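Peer 1: Chains as they are written, first to last, in the working numbering: chain A, 23 to 436; chain B, 2 to 378.
Structure below.
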């Protein structure tokens with residue numbers, strides 16, 4: 023036992039003495055969490071997207087086009103769209119360079135066509151390099167178009183008078199002739215008010231949660247959602263690096279020399295696996311501490327999370343013990359280890375929210391530790407005990423350990 | 002000329018050693034392809050940008066207006082499912098109450114329950130909601146046109162809403178004519194990311210190992226000077242990056258019809274970018290003495306550059322401040338140039354600024370790597 027403790031303590035001291043690799047592998051998930059969190063943090067209500075740059079080309083410069091451009095000036099829309107009014111040539115030039123999400127072109131004669139209730143087409147030029155924002159602009163313009171169409175139809179007769187006015191000199195048109203038209207328009211406005219104020223049909227929006235569904239990600243919880251995935255991914259990298267000693271010591275002859283001492287193979291194996299486990303736990307503890315202090319992550323009941331972290335670190339140590347017992351050389355371990363970790367992370371949900379992943383990827387993810395750790399951390403966040411995650415990780419960890427120890431003994435005795 | 006041949010010989014040998022490694026194909030081909038498929042599926046056909054956004058309408062209305070209103074909601078891009086009662090699974094649900102028709106006919110306002118699942122796509126919800134508002138606007142316009150008449154007889158004959166103002170959409174002239182696929186976004190992004198990863202990790206480790214094992218020292222017995230050796234190492238890593246890009250672009254072209262626009266210019270962009278990354282890999286391999294440190298640094302830099310540069314997600318959804326910071330990433334300039342070629346069918350003048358930035362970076366990094374390059378520890 024004493025020899026076991028000595029080897030273990032020496033290993034941990036050695037790793038902590040040259041901490042650069044360890045620090046970089048701890049820094050990566052924290053950097054990535056910060057970046058992804060900043061980009062994907064839900065913004066305030068109704069502002070799920072960044073402001074959308076829109077160019078408006080007014081080739082009409084009439085009353086109708088001014089009303090249309092003015093629609094973008096409403097307070098809520100000002101936050102949603104960054105509108106720049108420009109001319110066709112400049113707009114085309116900017117769109118060709120991808121400087122806006124979309125360009126709205128109001129055609130020449132737009133106002134006159136509206137007044138005559140003639141069909142008129144607004145053009146939305148979309149940025150081909152963007153997938154979402156141009157569609158938002160198009161949908162918004164379609165809604166505006168429906169409202170304008172409705173208004174034009176409703177007041178078609180009345181606007182005919184206005185149309186006639188536009189063709190005549192200011193002093194040649196008897197304004198009093200418009201009085202009956204204004205009278206009719208007033209009646210329609212009064213009648214329309216019955217439907218518009220309050221709106222005859224409106225919505226009462228309510229957010230619901232499906233049975234068993236997790237709460238949605240909020241700005242406050244996004245780091246708590248991302249960090250566990252990143253943490254387990256880089257825990258795998260770190261423990262793999264630490265446990266690669268099993269091979270490097272064999273290759274450079276250190277192991278043979280150690281075996282000439284009274285140290286027994288089982289003590290050495292135990293110390294190496296325990297070393298991987300403790301270092302893994304230490305690394306997770308650092309990530310949790312930084313997550314709590316910097317990202318204000320609420321992990322849920324701390325005891326539950328600590329238990330989950332301990333079991334995940336145990337699984338990782340057992341897995342890499344078996345892995346290093348099976349590979350032939352350090353180079354092979356280096357070459358195979360990283361792809362395995364990345365595959366675990368890709369399928370297990372460290373690189374992407376499992377809920378948006380294709381079904382096939384989700385199914386493969388079930389055999390990865392990442393998936394169980396991420397699921398467990400989500401349950402702990404909700405204040406629930408992650409029994410299934412713990413059971414799966416612990417039981418499979420034990421199986422890996424049972425396979426690793428005899429395999430490593432054979433390796434060491436060579 | 003002879004020196005050039007020797008440099009080429011050493012570089013080709015480096016490339017041969019890397020290619021003969023079986024895992025090389027995992028890193029250069031298998032894993033990037035998995036990445037491409039996942040990101041293409043998620044950002045194209047997934048919940049983020051569905052071809053059809055669905056809504057379930059529970060029609061409990063005891064009159065005729067419910068069916069009439071549902072017809073107004075049915076528009077291209079919105080899949081309407083009518084149900085008698087609230088189903089267990091839905092993303093968005095609209096309830097038309099039993100008195101829906103009666104209230105309209107009595108000209109009494111009403112608020113319809115619109116339920117949205119918390120985790121459903123916000124973008125799909127936005128599309129459905131705009132269509133719902135359009136349906137209301139159409140219905141109200143018809144009611145206003147109908148005037149004070151008896152609304153119980155409205156559906157027997159009424160003035161129809163006409164779309165007088167229409168909206169047409171297209172892409173800018175001389176650019177793409179069809180909606181780009183998810184692969185058109187993810188293949189260039191993943192290629193850029195994995196060039197960074199591969200060149201930095203493989204390139205850095207092999208420079209470090211060659212130095213530590215004395216291979217670089219032994220190579221000096223050949224007629225190559227230390228400068229020639231540096232150029233040979235740089236060239237080997239550059240060829241590796243180019244080879245990887247060629248493989249991924251070819252696979253993209255064959256299987257998903259990837260269209261890069263001007264292919265020679267796209268390759269020029271990749272070539273200049275790969276040169277910058279090669280110099281960075283020689284630098285990292287020269288200053289680091291531990292394999293794990295090189296892997297860690299390379300993973301950190303490649304992931305940060307990729308995330309900032311728009312290799313993982315469309316840059317349009319990124320906050321403006323992050324977009325500004327992203328300019329420090331070489332991946333940003335490479336992606337910017339590839340986007341101009343792929344989506345805007347740009348020419349040399351369009352990618353010249355990005356090429357100038359990448360070229361300057363390549364020159365600076367080559368100079369720095371040349372200074373740091375060591376034959377022995």
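From the three backbone atoms N, C-alpha and C, an ideal C-beta is built for every residue, glycine too. Quick caveat, the model's predicted, so the values are computed rather than measured.
1) For residue 204 (chain A), does the count of other Cβ atoms within 10 angstroms reach 16, so buried, or fall short, so exposed?
2) Going by alpha carbons, who is nearest to residue 16 (chain B) out of B:203, B:254, B:365?
3) Between the region 329 to 342 of chain A and the region 257 to 265 of chain A, can you find at least three pairs of beta-carbon atoms closer than 8 Å?
4) For residue 125 (chain A), which three-state DSSP category applies?
5) Would residue 142 (chain A) count as contacting chain B if we go by Cβ distances under 8 Å?
6) Can you list, in chain order, the residues of its chain with a C-beta nearer than 7 Å to that of residue 386 (chain A)? Leave out the 5 residues immediately preceding and following it.
7) Sorted by chain position, which residues of the same chain lie with C-beta nearer than 7 Å to residue 69 (chain B)'s C-beta, five sequence neighbours on each side aside?
8) Which chain B residues are close to residue 253 (chain A), counting only those with a beta carbon under 7 Å from its beta carbon?
9) Which residues in the same chain have their Cβ closer than 8 Å to the Cβ of residue 153 (chain B), if we skip the five residues on either side of it in sequence?
10) What in chain A is Cβ-close to residue 219 (chain B), meaning under 9 Å?
11) Can you tell me whether DSSP reads residue 380 (chain B) as helix, strand or coil?
12) Of the residues that make up the region 168 to 183 of chain A, which ones have a beta carbon closer than 7 Å to any beta carbon in chain B?
13) If we count Cβ pairs, one from each stretch, closer than 8 Å, do we get three or more for the region 276 to 285 of chain A versus the region 314 to 333 of chain A?
14) To the nearest angstrom, report how far apart residue 39 (chain B) and residue 205 (chain B) are at their CA atoms.
15) Which bits of chain A does residue 330 (chain B) rub up against, with CB to CB less than 9 Å?
16) Taking Cβ to Cβ, would you say residue 82 (chain A) is nearer than 8 Å to residue 132 (chain A)?
17) Using a C-beta cutoff of 8 Å, does residue 17 (chain B) count as contacting chain A?
18) Alpha carbon to alpha carbon, how far is residue 211 (chain B) from residue 217 (chain B)? Give it in angstroms, no decimals.
19) So does the region 115 to 124 of chain B actually touch the region 212 to 229 of chain A, counting three or more Cβ pairs closer than 8 Å?
20) Can you tell me where the beta strand (DSSP E) with residue 155 (chain A) in it begins and where it stops?
21) Are the region 329 to 348 of chain B and the region 119 to 134 of chain A in contact at 8 Å, needing three or more beta carbon pairs?
22) For residue 238 (chain B), which of B:7, B:351, B:18 has the nearest alpha-carbon?
23) In the structure shown, what three-state DSSP assignment does residue 61 (chain B) receive?
24) Between residue 363 (chain B) and chain A, is any beta-carbon pair separated by less than 8 Å?
25) Output yes if chain A places a C-beta closer than 8 Å to the C-beta of residue 60 (chain B); else output no.
26) Does the ligand ZN have even one heavy atom less than 7 Å from the beta-carbon of residue 251 (chain A)?
27) Below 8 Å on the Cβ atoms is my contact criterion, and I expect residue 50 (chain A) with residue 256 (chain A) to pass it. Report the Cβ-Cβ distance as a whole number of Å.
28) Under the rule that 16 or more other beta-carbon atoms within 10 Å means buried, what is residue 105 (chain A), buried or exposed?
29) Run through chain B and tell me which residues come within less than 7 Å of residue 356 (chain A), C-beta to C-beta.
30) What number of angstroms, rounded off, separates the C-alpha of residue 167 (chain B) from the C-alpha of residue 216 (chain A)?
31) Please list the partners that residue 342 (chain B) has in chain A, where partner means a Cβ-to-Cβ separation under 8 Å.
32) Name the residue from B:264, B:303, B:200 whose alpha carbon lies nearest to the alpha carbon of residue 240 (chain B).
33) Kindly list the residues whose CB is nearer than 7 Å to the CB of residue 398 (chain A), restricted to its own chain and excluding five residues on each side of it in sequence; keep chain order.
34) Tell me the residue span of the alpha helix (DSSP H) that contains residue 169 (chain B).
35) Which residues of chain A have a Cβ atom closer than 8 Å to the Cβ of residue 138 (chain B), listed in chain order?
36) According to the Cβ coordinates, are residue 183 (chain B) and residue 41 (chain B) closer than 8 Å?
Peer 2: For this structure:
1) exposed
2) B:203
3) yes
4) If DSSP states are grouped into helix, strand and coil, residue 125 (chain A) belongs with the strands.
5) Interface residue, yes.
6) 369
7) 156
8) Under the 7 Å cutoff, chain B gives no residues; its nearest Cβ is about 15 Å from residue 253 (chain A).
9) 106
10) When 9 Å is used as the limit between beta carbons, residue 219 (chain B) is near no residue of chain A, the shortest such separation being about 20 Å.
11) Only positions 2 to 378 of chain B appear in the structure, and residue 380 (chain B) is not among them; the question remains open.
12) 168, 169, 170, 171, 172, 174, 175, 176
13) no
14) In a straight line, the C-alpha of residue 39 (chain B) is about 28 Å away from that of residue 205 (chain B).
15) What residue 330 (chain B) touches in chain A: nothing, since even the nearest Cβ is about 11 Å away.
16) yes
17) no
18) 6 Å
19) yes
20) Careful: residue 155 (chain A) lies outside any beta strand (DSSP E), inside the alpha helix (DSSP H) at 155 to 176.
21) yes
22) B:18
23) coil
24) At a cut-off of 8 Å between C-beta atoms, residue 363 (chain B) does not count as an interface residue with respect to chain A.
25) no
26) Of ligands this structure carries none, so the ligand ZN is not represented either.
27) 6 Å
28) buried
29) Chain B residues near residue 356 (chain A): 292.
30) 27 Å
31) What residue 342 (chain B) touches in chain A: nothing, since even the nearest Cβ is about 11 Å away.
32) B:200
33) 330, 408, 411, 412
34) Looking at the DSSP string, residue 169 (chain B) is not in any alpha helix (DSSP H); the run it does join, the beta strand (DSSP E), is 166 to 171.
35) 165, 168, 169, 172
36) yes
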